[in-house]
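Chains as they are written, first to last, in numbering that gives the first Met the number 0: chain A, 0 to 216; chain B, 0 to 216.
Number of protein chains: 2
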Amino acid sequence: MKKQLTDRQEEILVFIKQFREENGYPPTLREIGKKFEISSTFGVKRHLDALVKKGYLNIESNASRGISFQRDTEESQETKLFKIEDDYGFHKVPILGRVAAGVPILAEENIEGSIVVDSSFMKKSENCFALKVKGDSMINAGIFEGDLVIVSSKRDVVNGDIVVALLEDDATVKTYELKNKMIRLLPQNPNYNPIEIIDIESFKLIGKVIGIVRWLN
Amino acid sequence: MKKQLTDRQEEILVFIKQFREENGYPPTLREIGKKFEISSTFGVKRHLDALVKKGYLNIESNASRGISFQRDTEESQETKLFKIEDDYGFHKVPILGRVAAGVPILAEENIEGSIVVDSSFMKKSENCFALKVKGDSMINAGIFEGDLVIVSSKRDVVNGDIVVALLEDDATVKTYELKNKMIRLLPQNPNYNPIEIIDIESFKLIGKVIGIVRWLN
DNA sequence: CATAATAGTGCTCATTTGTTTACTGCTAAA
DNA sequence: TTTAGCAGTAAACAAATGAGCACTATTATG
């Protein structure tokens with residue numbers, strides 16, 4: 000975490016940013032001084048030194064206008080990405096490989112890639128992910144082998160929804176049905192049989208399928 | 000339109016861009032000269048003057064490192080969007096409403112919105128668009144009413160591909176088949192009959208379906 | 001009260017940096 | 001052959017610029 004700035008230091012930091020934005024190059028000590036009515040370059044320089052020490056700026060010594068901004072922390076890199084995602088209307092959603100019991104779903108090692116999804120389909124806070132479908136048990140619901148299903152774990156699931164559940168260490172896509180305190184996972188393919196779950200406690204629902212993406216060829 | 004640059008000028012322009020990117024401030028004449036082994040600052044200065052005259056740079060006289068880039072034209076604003084699209088791996092694809100004969104497909108008035116598509120699926124040069132599917136004639140191909148099909152007009156179409164064609168002033172999604180100099184558009188639903196096109200000349204193929212996106216709820 | 005951190009003045013000095021002039025050499029077009 | 005555009009050297013100069021010192025003043029903290 001970066002250190003707290005004084006009001007004056009904050010003002011100056013903002014000015015440098017703006018100046019660079021407008022002019023394409025950073026200001027000199029005297030240009031900063033002029034703006035804030037600091038007549039001595041030394042006064043300005045000490046502010047800059049403080050900003051360097053506190054982790055905001057880099058200064059190349061003996062170079063004119065040698066001011067640059069310290070690389071953003073990873074946190075604010077992420078903030079930046081979110082901002083771009085908002086502006087351009089998309090979200091990056093990780094594509095998961097196998098989903099094994101025990102390991103956190105979104106663990107680094109499970110992520111095989113990512114796909115971009117239009118933000119009109121989901122909130123950025125939803126923490127969605129994508130799974131590649133194996134098998135043909137859902138063909139009558141228009142979900143084919145190789146399709147990517149977009150999954151959200153933060154939506155209510157009601158009867159008839161398509162969900163992803165963890166069955167014997169493997170993720171499965173099925174239609175969800177809760178009746179008489181029993182959960183049934185219904186395939187949408189007459190060649191398969193429904194799966195009945197009696198022990199509701201042990202049932203591991205991963206999330207609800209909110210979208211499907213298929214790519215041909 | 001900006002004027003043509005010489006090789007040398009191009010090199011130098013690129014270097015300035017990179018330098019500014021890396022250091023946060025533009026280079027001095029001597030820093031440019033060092034890079035290109037131009038021992039005289041005057042040699043460098045004349046390159047910069049040329050870049051100013053040709054509309055690429057602005058130079059603040061008597062200011063150190065006073066180099067900035069001329070404001071982008073609208074054309075290069077688009078280039079900028081493309082760059083962001085490249086960096087973040089997506090494309091914006093327009094969603095078309097009705098597709099009527101006569102009117103250019105991508106005419107402003109046809110565009111109902113846009114959707115973001117992962118760039119691993121298409122090249123940016125492909126000029127794709129999306130269409131909302133009406134009817135259920137392709138359910139056995141996993142294409143349902145309301146799905147968005149992503150269409151490219153720049154791909155070769157072979158038998159078995161799913162295409163969008165213009166039939167009687169309306170766009171239709173069907174499987175394509177060319178046999179015995181006759182085109183047949185095959186629905187993927189036993190309740191519908193194939194459409195046979197005898198007059199190949201009059202056949203208006205809009206494009207090939209390269210992807211399908213469905214959103215649930 | 002002493003101490004440290006912050007903020008600033010006024011000044012000098014050494015470098016850095018852009019500007020300019022005079023001159024050389026190459027190539028393509030008129 | 002002349003002219004124009006491009007590319008570069010060498011040198012000198014003035015202005016722009018960062019660095020540093022000595023000194024003052026305010027404010028918060030223990």
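Cβ atoms here follow ideal geometry from the backbone N, Cα and C, with glycine treated the same way. These numbers come from a predicted model, not from an experiment.
If you check the beta carbons only, do residue i and residue j fall under 9 Å apart?
i, j, result
"B/THR27", "A/SER113", "no"
"A/GLU125", "A/LYS133", "no"
"B/VAL162", "B/LYS131", "no"
"A/ILE138", "B/TRP214", "no"
"B/GLU176", "B/LEU184", "yes"
"B/SER67", "A/TYR55", "no"
"B/ASP146", "A/GLY96", "no"
"A/ALA129", "A/VAL148", "yes"
"A/SER247", "B/VAL115", "Residue 247 of chain A is absent from the model: chain A starts at 0 and stops at 216."
"A/ILE211", "B/ILE199", "no"
"A/PRO186", "A/ASN192", "yes"
For a test of the three-state rule: what should DSSP assign to residue i, helix, strand or coil?
i, result
"B/GLY112", "strand"
"B/GLY23", "coil"
"B/SER67", "strand"
"A/ALA49", "helix"
"B/LEU215", "coil"
"B/ALA62", "coil"
"A/PHE89", "strand"
"B/GLY42", "helix"
"A/MET0", "Its pLDDT being 48, under 50, A/MET0 is placed unreliably in this model, and the value from its coordinates should be taken loosely. Coil, per DSSP."
"A/ILE37", "coil"
"B/ASN57", "strand"
"B/THR78", "helix"
Residue i to residue j, Cα distance in whole Å?
i, j, result
"B/MET0", "B/LYS53", "Confidence in B/MET0 is poor, its pLDDT being 47 and thus under 50, which makes the residue's placement too unreliable to answer from."
"B/ILE110", "B/VAL150", "14 Å"
"B/GLY88", "B/PHE120", "10 Å"
"A/ASP169", "A/SER152", "17 Å"
"A/GLY65", "A/ILE11", "15 Å"
"A/THR174", "A/ARG70", "47 Å"
"A/LEU4", "B/ILE94", "48 Å"
"A/SER136", "A/ASN190", "8 Å"
"B/LYS33", "B/PHE14", "12 Å"
"A/ILE127", "A/GLU59", "Per the sequence shown, the amino acid found at residue 127 of chain A is Cys instead of Ile. Taking the straight line joining both Cα atoms gives about 43 Å."
"A/PHE18", "A/LEU47", "15 Å"
"B/LYS122", "A/LYS16", "36 Å"
"A/VAL92", "B/GLU84", "16 Å"
Is any beta-carbon of chain A found at less than 9 Å from that of residue i?
i, result
"B/PHE120", "yes"
"B/ALA49", "no"
"B/VAL13", "no"
"B/SER219", "Only positions 0 to 216 of chain B appear in this structure, which leaves residue 219 of chain B out of reach."
"B/ASN216", "yes"
"B/ASN22", "yes"
"B/GLY54", "no"
"B/ILE211", "yes"
Could you confirm whether any beta carbon from chain B is found closer than 9 Å to the beta carbon of residue i?
i, result
"A/LYS33", "no"
"A/LYS91", "yes"
"A/ARG29", "no"
"A/MET0", "In this predicted model, A/MET0 has a pLDDT of only 48, less than 50, meaning its place in the structure is not dependable; the value taken from the coordinates is given anyway. Answer no: the Cβ-Cβ gap between A/MET0 and chain B never drops below 9 Å."
"A/ILE114", "yes"
"A/ILE66", "yes"
"A/ASN248", "The question about residue 248 of chain A has no answer here: the residues shown for chain A are numbered 0 through 216."
"A/TYR87", "yes"
"A/ALA164", "no"
"A/SER63", "yes"
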